[in-house]
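K.L.:
According to this note's numbering, the sequence shown holds residues 10 to 304 in order.
From the three backbone atoms N, C-alpha and C, an ideal C-beta is built for every residue, glycine too.
Below is the structure I would like to discuss, written out as structure tokens.
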Amino acid sequence: LLAEKVEQLMEWSSRRSIFRMNGDKFRKFIKAPPRNYSMIVMFTALQPQRQCSVCRQANEEYQILANSWRYSSAFCNKLFFSMVDYDEGTDVFQQLNMNSAPTFMHFPPKGRPKRADTFDLQRIGFAAEQLAKWIADRTDVHIRVFRPPNYSGTIALALLVSLVGGLLYLRRNNLEFIYNKTGWAMVSLCIVFAMTSGQMWNHIRGPPYAHKNPHNGQVKWYVRQSSELVTPTAHLPQNQQYTLRDTLVRMDAAITMGMVLLNEAATSKGDVGKRRKGGTEHGECRQCGTGSGQQ
């Protein structure tokens with residue numbers, strides 16, 4: 010029986026690095042003995058109606074990790090990667106009392122999973138390198154992560170440099186705007202408020218702003234923990250907190266920029282010259298007695 014299970018798993022691995030499991034396959038290949046291999050399982054919810062952006066991001070990192078193991082020279086039948094989607098294995102989620110996604114678990118060859126066999130996604134994140142380190146601690150299998158080349162960042166940087174260089178070249182005879190203190194103050198404020206707001210956290214983690222109930226289509230902004238899967242329940246309350254914080258920071262930014270503009274308008278050279286000129290004329294009128302009041 011063990012040889013048949015390993016042979017079947019090796020056949021699936023030859024087709025794809027991560028094979029999907031339903032309730033029956035999960036109980037046969039992961040829960041039921043005998044088993045002499047370790048299994049890494051990602052519990053997720055990738056269906057579009059779940060609106061789990063974190064699940065999609067974590068799946069990309071998980072795919073990179075599994076491909077790195079599948080095409081490495083150290084690949085063997087001691088470690089396999091699988092996935093259980095909530096809509097394909099609801100009974101598995103209920104069996105494990107799991108109500109959030111994504112979650113990574115390691116099922117050892119013998120015995121039940123321990124607390125350390127559940128990956129601490131909230132504290133560490135879901136980068137492929139972090140997952141590989143966690144797998145090495147649990148299985149003694151070291152995986153070297155190979156990422157496919159991504160030139161989008163390089164292209165974007167090249168376009169930005171070209172745009173700035175072209176602008177400076179066109180304005181080469183008039184570069185006074187570079188020394189504009191107000192402009193640099195605005196740029197600095199934008200950077201400070203962006204880094205201190207919740208938007209940076211939202212950009213990194215990508216949690217949904219609301220949860221849409223797949224049964225009745227009702228949109229919920231605040232979701233309580235329950236036995237029903239809410240994806241991702243672990244991220245939504247934090248997202249609401251950071252969304253509120255982001256709104257407050259934007260209000261502060263608007264008020265601060267308004268103060269800067271008011272100060273600029275009050276201290277502009279034209280206004281100062283007009284006030285000085287007006288004050289001089291008014292003083293002369295009072296001294297010579299030819300003011301508009303006496304006329």
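CA-CA distance, residue 73 and residue 29?
P.N.:
Translated into positions along the sequence shown, residue 73 becomes position 64. Translated into positions along the sequence shown, residue 29 becomes position 20. Those two C-alpha atoms are separated by around 16 Å.
K.L.:
Would you report the Cα separation of residue 265 and residue 184, rounded to the nearest angstrom?
P.N.:
Reading the sequence shown from its first residue, position 256 is the one you call residue 265. Reading the sequence shown from its first residue, position 175 is the one you call residue 184. In a straight line, the C-alpha of residue 265 is about 27 Å away from that of residue 184.
K.L.:
Since residue 196 is in the alpha helix (DSSP H), which residue starts that stretch and which ends it?
P.N.:
Counting from 1 along the sequence shown, the entry for residue 196 is found at position 187. That run of the alpha helix (DSSP H) goes 190-205.
K.L.:
Give the single residue among 133, 114 and 157 whose Cα lies nearest to the Cα of residue 125.
P.N.:
Against the sequence shown, residue 125 aligns to sequence position 116. When only C-alpha atoms are compared, the closest one is 114.
K.L.:
Any contact between the segment 43-62 and the segment 103-113? By contact I mean 3 or more CB pairs, one from each, below 8 Å.
P.N.:
The segment 43-62 is in contact with the segment 103-113.
K.L.:
Count the other C-beta atoms from every protein chain shown that fall within 10 angstroms of the C-beta of residue 70, then say buried if there are 16 or more, exposed otherwise.
P.N.:
For the purposes of this step, residue 70 is taken as residue 61 along the sequence shown, with counting starting at 1. Burial call: buried.
K.L.:
Can the beta-carbon of residue 54 be found closer than 8 Å to that of residue 94?
P.N.:
Taking the first residue of the sequence shown as 1, we reach residue 54 at position 45. Taking the first residue of the sequence shown as 1, we reach residue 94 at position 85. Cβ atoms of residue 54 and residue 94: closer than 8 Å.
K.L.:
Taking 6 Å as the limit between beta carbons, can you name the residues of its chain near residue 39, skipping five residues before and five after?
P.N.:
One-based indexing of the sequence shown puts residue 39 at position 30. Hits under 6 Å: 48 and 116.
K.L.:
Throw me the rounded Cβ distance for the residue 27 and residue 67 pair, which I believe falls under 8 Å.
P.N.:
Counted from its first residue, the sequence shown places residue 27 at position 18. Counted from its first residue, the sequence shown places residue 67 at position 58. Contact doesn't hold; Cβ gap of about 12 Å is too wide.
K.L.:
Buried or exposed, going by whether 16 or more other CB atoms sit within 10 Å of the CB of residue 132?
P.N.:
Indexing the sequence shown from 1 puts residue 132 at position 123. It counts as exposed.
K.L.:
If you follow the beta strand (DSSP E) that residue 29 is in, where does it begin and where does it stop?
P.N.:
Along the sequence shown, read from residue 1 onward, the residue named residue 29 stands at position 20. Start and end: 27-29.
K.L.:
Tell me the rounded alpha-carbon separation between residue 199 and residue 178.
P.N.:
Stepping through the sequence shown from its first residue, residue 199 is reached at position 190. Stepping through the sequence shown from its first residue, residue 178 is reached at position 169. Residue 199 and residue 178: Cα-Cα distance of roughly 26 Å.
K.L.:
Report all residues from its chain with a CB closer than 6 Å to the CB of residue 273; omit the five preceding and five following residues, and keep chain order.
P.N.:
The residue labelled residue 273 in the question sits at position 264 within the sequence shown. Closer than 6 Å at the Cβ level, and outside the excluded window around residue 273, lie 191.
K.L.:
Count the other CB atoms within 10 Å of the CB of residue 128; is the residue buried (16 or more) or exposed (fewer)?
P.N.:
Here residue 128 corresponds to residue number 119 of the sequence shown, with the count starting at 1. Buried: at least 16 other Cβ atoms inside 10 Å.
K.L.:
Just to confirm, are residue 154 and residue 87 a CB contact at a threshold of 8 Å?
P.N.:
Residue mapping note: residue 154 aligns to position 145 of the sequence shown, counting from 1. Residue mapping note: residue 87 aligns to position 78 of the sequence shown, counting from 1. No, the Cβ-Cβ distance between residue 154 and residue 87 is not below 8 Å.
K.L.:
Residue 107 by DSSP, collapsed to three states: which one?
P.N.:
One-based indexing of the sequence shown puts residue 107 at position 98. Coil.
K.L.:
What is the rounded straight-line gap between the Cα of residue 138 and the Cα of residue 188?
P.N.:
Locating residue 138 in the sequence shown gives position 129, counting from the first residue. Locating residue 188 in the sequence shown gives position 179, counting from the first residue. Cα to Cα, the separation comes out at about 44 Å.
K.L.:
In or out: residue 260 buried (at least 16 other Cβ within 10 Å) or exposed?
P.N.:
As a first step, residue 260 must be located in the sequence shown, where it is residue number 251. Classification of residue 260: exposed, given that the 10 Å Cβ count is below 16.
K.L.:
Under 8 Å, do residue 36 and residue 118 count as touching if we go by C-beta distance?
P.N.:
Mapped onto the sequence shown, residue 36 falls at position 27. Mapped onto the sequence shown, residue 118 falls at position 109. Result no, Cβ atoms of residue 36 and residue 118 do not sit closer than 8 Å.
K.L.:
Quick check: the Cα distance between residue 134 and residue 65, rounded to an integer number of angstroms?
P.N.:
For this step, residue 134 is matched to residue 125 along the sequence shown. For this step, residue 65 is matched to residue 56 along the sequence shown. Cα to Cα, the separation comes out at about 14 Å.
K.L.:
Residue 205 and residue 258 look like a contact to me (Cβ under 8 Å); what is the Cβ gap, rounded to whole Å?
P.N.:
Here residue 205 refers to the residue found at position 196 when the sequence shown is read from its first residue. Here residue 258 refers to the residue found at position 249 when the sequence shown is read from its first residue. The Cβ separation is near 6 Å, so the contact holds.
K.L.:
Just to confirm my understanding: we take residue 79, look at its own chain, exclude 5 residues before and 5 after, and list those with CB closer than 6 Å. What are they?
P.N.:
Translated into the one-based positions of the sequence shown, residue 79 becomes position 70. Result list for residue 79: 26, in chain order.
K.L.:
Short check: CB of residue 5 to CB of residue 51, under 8 Å?
P.N.:
No answer is possible for residue 5: the residues shown for the chain start at 10 and end at 304.
K.L.:
Which same chain residues, not among the five before or five after residue 262, have their C-beta less than 8 Å away from its C-beta?
P.N.:
As a working note, residue 262 is residue 253 in the sequence shown. The residues are 198, 199 and 202.
K.L.:
Does the beta-carbon of residue 271 have 16 or more other beta-carbons within 10 angstroms, so that it is buried, or is it exposed?
P.N.:
Translated into positions along the sequence shown, residue 271 becomes position 262. Its Cβ having fewer than 16 others within 10 Å, residue 271 is exposed.
K.L.:
Measuring CA to CA, which of 146, 141 and 169 is closest to residue 123?
P.N.:
As a position in the sequence shown, residue 123 is number 114, starting the count at 1. Nearest of 146, 141 and 169 to residue 123, Cα basis: 146.
K.L.:
If I measure Cβ to Cβ from residue 186 and keep anything under 8 Å in the same chain, skipping five residues before and after, which residues do I get?
P.N.:
Along the sequence shown, read from residue 1 onward, the residue named residue 186 stands at position 177. Closer than 8 Å at Cβ, skipping near neighbours: 180 and 192.
K.L.:
Is DSSP giving residue 14 helix, strand or coil here?
P.N.:
Sequence index remark: in the sequence shown, residue 14 carries index 5 (1-based). Helix, per DSSP.
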